[in-house]
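Visitor: Please find one structure pasted underneath; my questions will follow.
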Amino acid sequence: QVALLDIDICGPSIPKMMGLEGEQVHQSGSGWSPVYVEENLGVMSVGFLLSSPDDAVIWRGPKKNGLIKQFLRDVDWGEIDYLIVDTPPGTSDEHLSIVQYLGATHIDGAVIITTPQEVSLQDVRKEINFCHKVKLPIIGVVENMSGFICPKCKNESQIFPPTTGGAEKMCQNLNVSLLGKVPLDPQIGKSCDKGQSFLSEAPDSPATLSYRNIIQRIQEYCDQHHFQEEKII
Amino acid sequence: ERSNLAGVRHILLVFSGKGGVGKSTISTELALSLRHSGKKVGILDVDLCGPSIPRMFRVQDNDVHQCDSGWVPVFVDQDKSISLMSIGFLLEKPDDAVVWRGPKKNALIKQFVTDVAWGDLDFLIVDTPPGTSDEHISTVEALRPYKPLGAILVTTPQAVSVGDVRRELTFCKKMGLRVLGIVENMSGFVCPHCSECTNIFSKGGGEELAKHAGVPFLGCVPLDPQLSQSLEEGRDFIQEFPRSSAFPALAHITQQILDGTSQRSS
Numbered sequence: 071q072v073a074l075l076d077i078d079i080c081g082p083s084i085p086k087m088m089g090l091e092g093e094q095v096h097q098s099g100s101g102w103s104p105v106y107v108e109e110n111l112g113v114m115s116v117g118f119l120l121s122s123p124d125d126a127v128i129w130r131g132p133k134k135n136g137l138i139k140q141f142l143r144d145v146d147w148g149e150i151d152y153l154i155v156d157t158p159p160g161t162s163d164e165h166l167s168i169v170q171y172l173g174a175t176h177i178d179g180a181v182i183i184t185t186p187q188e189v190s191l192q193d194v195r196k197e198i199n200f201c202h203k204v205k206l207p208i209i210g211v212v213e214n215m216s217g218f219i220c221p222k223c224k225n226e227s228q229i230f231p232p233t234t235g236g237a238e239k240m241c242q243n244l245n246v247s248l249l250g251k252v253p254l255d256p257q258i259g260k261s262c263d264k265g266q267s268f269l270s271e272a273p274d275s276p277a278t279l280s281y282r283n284i285i286q287r288i289q290e291y292c293d294q295h296h297f298q299e300e301k302i303i
Numbered sequence: 038e039r040s041n042l043a044g045v046r047h048i049l050l051v052f053s054g055k056g057g058v059g060k061s062t063i064s065t066e067l068a069l070s071l072r073h074s075g076k077k078v079g080i081l082d083v084d085l086c087g088p089s090i091p092r093m094f095r096v097q098d099n100d101v102h103q104c105d106s107g108w109v110p111v112f113v114d115q116d117k118s119i120s121l122m123s124i125g126f127l128l129e130k131p132d133d134a135v136v137w138r139g140p141k142k143n144a145l146i147k148q149f150v151t152d153v154a155w156g157d158l159d160f161l162i163v164d165t166p167p168g169t170s171d172e173h174i175s176t177v178e179a180l181r182p183y184k185p186l187g188a189i190l191v192t193t194p195q196a197v198s199v200g201d202v203r204r205e206l207t208f209c210k211k212m213g214l215r216v217l218g219i220v221e222n223m224s225g226f227v228c229p230h231c232s233e234c235t236n237i238f239s240k241g242g243g244e245e246l247a248k249h250a251g252v253p254f255l256g257c258v259p260l261d262p263q264l265s266q267s268l269e270e271g272r273d274f275i276q277e278f279p280r281s282s283a284f285p286a287l288a289h290i291t292q293q294i295l296d297g298t299s300q301r302s303s
């Protein structure tokens with residue numbers, strides 16, 4: 071049973087990617103109802119609260135924090151195995167607030183996404199420092215857009231070159247796990263735009279294999295961690 | 038007392054709404070192109086959490102100095118034709134995270150807008166983070182008295198990116214900021230081995246949005262590993278790779294900006 075919470079208030083992409091554009095949030099006695107993709111996958115996003123795709127959420131920090139609090143407090147998720155929180159880029163209000171508000175419960179950790187270039191890594195090192203500062207465990211780093219294989223000649227191109235060693239070198243230097251590398255596949259963008267599951271649409275893509283390996287490693291981390299927690303109790 | 042922006046002829050903001058679409062890349066290439074057209078350019082980097090501009094000019098280790106009128110911007114070369122200001126220059130260590138809430142960010146942005154001694158510039162390009170929040174509101178409000186030329190919006194071709202840029206268009210409208218046009222970045226990749234073109238991030242979304250919103254479409258910039266490499270190394274792509282696939286598009290975008298400003302003056 072999975073819940074996906076989109077706290078990118080200015081740029082909520084999750085509804086579209088899940089094929090839920092245009093859906094609305096319903097209120098009941100027990101709070102806001104998540105929008106369900108499947109019986110076991112519920113989603114919440116500010117996207118569901120906007121009436122038009124042109125509507126902009128032009129809010130300063132405090133108002134964004136208020137909505138994030140509501141998302142955590144007022145959404146009736148039910149019993150869930152995993153709550154996944156998608157965040158905007160940066161190390162600001164949304165990031166501080168989500169860590170603060172979830173502080174009373176237990177956060178397994180953060181998965182940090184980067185592309186191979188230094189321009190991305192230099193921001194990701196800051197994100198890693200942010201996690202250390204707020205004592206948020208890091209499950210690991212994913213290197214996205216890691217190479218492209220031409221569908222015609224099958225040669226690989228590094229469109230976003232890892233000039234400083236990519237995520238692999240950074241993870242070694244900072245003692246953080248590299249969960250995996252996901253190659254570029256035009257089908258990924260297409261599936262997201264259509265709101266369909268890439269994993270179902272392209273089961274044989276090398277990117278699908280990468281995603282599945284990464285997800286398995288995340289599950290293993292969470293299972294191990296849980297086991298340790300229970301031992302302590 | 039003369040304001041620090043009194044010598045700046047045109048102010049241009051680069052927005053997106055979506056992260057990772059190439060705002061800083063476009064800001065950098067625009068600055069390099071304008072320099073090659075003989076213009077004096079400044080870049081104000083108001084991305085406080087992820088300041089990318091200094092490294093794109095290989096000046097990430099430089100310090101900022103003060104003068105009587107405020108901060109002296111960092112010049113990227115001896116000609117002093119491009120100058121920069123970014124929080125990146127103020128950090129003790131490059132990996133230091135700026136973990137600030139809105140009010141603290143707003144305070145620094147106000148200072149960045151009024152307290153940098155730019156001197157005389159033809160263009161000041163303002164590079165922004167993704168979103169429609171504190172940084173964007175504060176920057177536009179602080180720049181209002183100086184009558185910016187307008188905003189360039191960057192998107193990748195996919196619907197998921199275009200969706201956020203639609204919101205950014207609304208932001209510009211609400212804030213009374215003219216939209217100079219939309220750039221569709223990462224639009225197609227030509228394989229260097231066999232020349233097959235693959236639309237890795239789809240195609241056409243930016244152009245469609247421009248049509249739908251009634252704003253100029255400035256052009257498609259393809260994915261170009263030479264461009265990515267240049268940015269990584271802080272090199273002058275415009276000077277070094279004029280035969281590269283992204284060059285014509287970037288030159289065309291710059292020309293449209295220059296044409297726009299000459300129209301405005303006449």
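Protein chains in written order, with our numbering: chain A, 71 to 303; chain B, 38 to 303.
Cβ atoms here follow ideal geometry from the backbone N, Cα and C, with glycine treated the same way.
Mind reading off the beta-carbon distance from Gly101/A to Asp146/A? Whole number of angstroms is fine, and I expect it under 8 Å.
Guide: Mapped onto the first sequence, residue 101/A falls at position 31. Mapped onto the first sequence, residue 146/A falls at position 76. 4 Å between Cβ atoms; contact.
Visitor: Put Arg215/B into one of helix, strand or coil per three-state DSSP.
Guide: The residue given as residue 215/B occupies position 178 in the second sequence. Correct three-state label for Arg215/B: coil.
Visitor: Is it the case that the Cβ atoms of Leu217/B and Gly242/B are separated by a distance below 9 Å?
Guide: Locating residue 217/B in the second sequence gives position 180, counting from the first residue. Locating residue 242/B in the second sequence gives position 205, counting from the first residue. Their beta carbons are not under 9 Å apart, which means Leu217/B does not touch Gly242/B by this criterion.
Visitor: Given a threshold of 16 other Cβ atoms within 10 Å of its Cβ, counted over all protein chains shown, does Cys201/A qualify as buried or as exposed?
Guide: Residue numbering aside, residue 201/A sits at position 131 when the first sequence is read from its first letter. Classification of Cys201/A: buried, given that the 10 Å Cβ count is 16 or more.
Visitor: Can you tell me whether Asp159/B is helix, strand or coil according to DSSP?
Guide: For the purposes of this step, residue 159/B is taken as residue 122 along the second sequence, with counting starting at 1. If DSSP states are grouped into helix, strand and coil, Asp159/B belongs with the strands.
Visitor: Measure how close the beta-carbons of Gly179/A and Leu153/A come, nearest whole angstrom, since I'm counting them as under 8 Å.
Guide: Here residue 179/A corresponds to residue number 109 of the first sequence, with the count starting at 1. Here residue 153/A corresponds to residue number 83 of the first sequence, with the count starting at 1. That pair is no contact at about 12 Å.
Visitor: Considering only residues of the same chain and omitting the five flanking positions on each side of Asp151/A, which have a CB-CB separation below 8 Å?
Guide: Numbered from its first residue, the first sequence carries residue 151/A at position 81. Excluding residues within five positions, the ones whose Cβ falls inside 8 Å are Gln71 and Val72.
Visitor: Does DSSP classify Phe141/A as helix, strand or coil?
Guide: Reading the first sequence from its first residue, position 71 is the one you call residue 141/A. Helix at Phe141/A.
Visitor: Can you look up Ile182/A in the DSSP assignment and give me helix, strand or coil?
Guide: Locating residue 182/A in the first sequence gives position 112, counting from the first residue. Here Ile182/A sits in strand by DSSP.
Visitor: Given that a residue counts as buried once 16 or more other Cβ atoms are within 10 Å of its Cβ, and exposed if not, what is Thr175/A?
Guide: Mapped onto the first sequence, residue 175/A falls at position 105. Thr175/A is exposed by the Cβ-count criterion.
Visitor: Who are the near neighbours of Ser129/A in its chain, counting only those whose CB is closer than 7 Å to its CB and skipping five residues on each side?
Guide: As a first step, residue 129/A must be located in the first sequence, where it is residue number 59. One point to set straight first is that residue 129/A is Trp, not Ser, in the sequence displayed. Only Ile79 meet the Cβ criterion.
Visitor: Look up Ala237/A in the DSSP assignment and say whether it is helix, strand or coil.
Guide: Mapped onto the first sequence, residue 237/A falls at position 167. If DSSP states are grouped into helix, strand and coil, Ala237/A belongs with the helices.
Visitor: Can you check whether the C-beta of Gln266/B is within less than 9 Å of a C-beta belonging to chain A?
Guide: On the second sequence, residue 266/B is found 229 positions in, with the first residue counted as 1. Yes - at least one Cβ of chain A is within 9 Å of the one on Gln266/B.
Visitor: Report the option in Val113/B, Gly156/B and Ala144/B whose CA atom is closest to the CA atom of Cys104/B.
Guide: Here residue 104/B refers to the residue found at position 67 when the second sequence is read from its first residue. Checked all of Val113/B, Gly156/B and Ala144/B; the closest Cα to Cys104/B is Gly156/B.
Visitor: Please check the pair Leu158/B and Gly79/B, which I expect to be a contact at CB under 8 Å, by giving their CB distance rounded to whole angstroms.
Guide: By 1-based counting over the second sequence, the position of residue 158/B is 121. By 1-based counting over the second sequence, the position of residue 79/B is 42. Confirmed, about 5 Å.
Visitor: Taking all protein chains shown into account, decide if Cys231/B is buried (16 or more other Cβ within 10 angstroms of its Cβ) or exposed.
Guide: As a working note, residue 231/B is residue 194 in the second sequence. Per the 10 Å Cβ criterion, exposed.
Visitor: Give me the residue from Phe149/B, His73/B and Gly107/B with the minimum Cα distance to Ser118/B.
Guide: Against the second sequence, residue 118/B aligns to sequence position 81. Closest option to Ser118/B, Cα to Cα, is His73/B.
Visitor: Please list, in chain order, the residues of the segment 238-253 of chain B that have any C-beta partner in chain A closer than 9 Å.
Guide: Cβ contacts with chain A: Phe238, Ser239, Gly242 and Ala250.
Visitor: Note down, one range per segment and in chain order, each alpha helix (DSSP H) of at least 4 residues found wholly within the segment 215-270 of chain A.
Guide: Listed in chain order, the complete alpha helix (DSSP H) runs (minimum 4 residues) inside the segment 215-270 of chain A are 236-244 and 256-264.
Visitor: How would you label Ser98/A, buried or exposed, when you count the other beta carbons within 10 angstroms and need 16 or more for buried?
Guide: Taking the first residue of the first sequence as position 1, residue 98/A is located at position 28. Answer is exposed; the Cβ neighbour count stays below 16.
Visitor: CB-CB under 8 Å to Ala134/B, same chain, minus the five flanking residues each way: which ones, in chain order?
Guide: Locating residue 134/B in the second sequence gives position 97, where the first residue counts as 1. Here the set comprises Cys86.
Visitor: Would Pro104/A count as contacting chain B if we go by Cβ distances under 9 Å?
Guide: For the purposes of this step, residue 104/A is taken as the residue at position 34 of the first sequence. Chain B, which has no Cβ nearer than 9 Å to the Cβ of Pro104/A, makes this no.
Visitor: Tell me the DSSP secondary structure of Ile48/B in three-state form.
Guide: The count along the second sequence starts at 1 and reaches residue 48/B at position 11. Three-state DSSP puts Ile48/B in a strand.
Visitor: Please report the straight-line C-alpha distance between Leu255/B and Ser170/B, rounded to a whole angstrom.
Guide: Position 218 of the second sequence holds residue 255/B. Position 133 of the second sequence holds residue 170/B. Each residue's Cα considered, the two are about 25 Å apart.
Visitor: Please name the residue or residues paired with Asp291/A in a DSSP beta bridge.
Guide: The count along the first sequence starts at 1 and reaches residue 291/A at position 221. According to the sequence displayed, residue 291/A carries Tyr and not Asp. Looking at the DSSP assignment, Tyr291/A forms no beta bridge with any residue, so it has no partner.
Visitor: Show which residues of chain B have a CB atom less than 8 Å away from the CB atom of Cys80/A.
Guide: As a first step, residue 80/A is located in the first sequence; it is residue number 10 there, counting from the start. The answer, in chain order, is Gly54, Pro167, Gly168, Thr169, Ser170, Asp201 and Arg204.
Visitor: Under 9 Å between the Cβ atoms of Tyr183/B and Ile294/B?
Guide: Your numbering for residue 183/B matches position 146 in the second sequence. Your numbering for residue 294/B matches position 257 in the second sequence. In this structure, Ile294/B does not lie closer than 9 Å to Tyr183/B by Cβ.
Visitor: In chain order, what residues of the same chain lie with their CB nearer than 7 Å to the CB of Lys149/B, ignoring the 5 residues before and after it?
Guide: As a position in the second sequence, residue 149/B is number 112, starting the count at 1. For the record, residue 149/B in the displayed sequence is Phe; it is not Lys. Excluding residues within five positions, the ones whose Cβ falls inside 7 Å are Leu81, Val83 and Met122.
Visitor: By DSSP's criteria, Cys201/A is part of a beta bridge. Which residues make up the other side?
Guide: Indexing the first sequence from 1 puts residue 201/A at position 131. DSSP, once it has assigned bridges, lists no residue as partnering Cys201/A.
Visitor: Nearest to Pro198/B by CA position, among Lys222/A, Ile77/A and Ile84/A, is which residue?
Guide: Start at 1 with the first residue of the second sequence, and residue 198/B comes out as number 161. According to the sequence displayed, residue 198/B carries Ser and not Pro. Checking every option, the nearest Cα to that of Ser198/B belongs to Ile84/A.
Visitor: Cβ of Trp137/B less than 9 Å from any chain A Cβ?
Guide: Locating residue 137/B in the second sequence gives position 100, where the first residue counts as 1. Output row for Trp137/B: interface = yes.
Visitor: List the residues that DSSP assigns as beta-bridge partners of Leu111/A.
Guide: In the first sequence, counting from the first residue as 1, residue 111/A sits at position 41. Answer is Val72/A and Glu108/A.
Visitor: Work out the CA separation of Pro159/A and Pro259/B for me, nearest whole Å.
Guide: Translated into the one-based positions of the second sequence, residue 259/B becomes position 222. Translated into the one-based positions of the first sequence, residue 159/A becomes position 89. Taking the straight line from one Cα to the other gives about 24 Å.
Visitor: Please report the straight-line C-alpha distance between Ser106/B and Glu129/B, rounded to a whole angstrom.
Guide: Position 69 of the second sequence holds residue 106/B. Position 92 of the second sequence holds residue 129/B. Their Cα atoms are separated by approximately 23 Å.
Visitor: For chain B, find out if any of its Cβ atoms is closer than 9 Å to the Cβ of Val189/A; answer yes or no.
Guide: In the first sequence, the residue the question calls residue 189/A occupies position 119. At least one chain B Cβ lies under 9 Å of Val189/A.
Visitor: Alpha carbon to alpha carbon, how far is Arg195/A from Ile285/A?
Guide: Within the first sequence, numbered from 1, the residue matching residue 195/A stands at position 125. Within the first sequence, numbered from 1, the residue matching residue 285/A stands at position 215. Looking at the two C-alpha atoms, the distance is approximately 22 Å.
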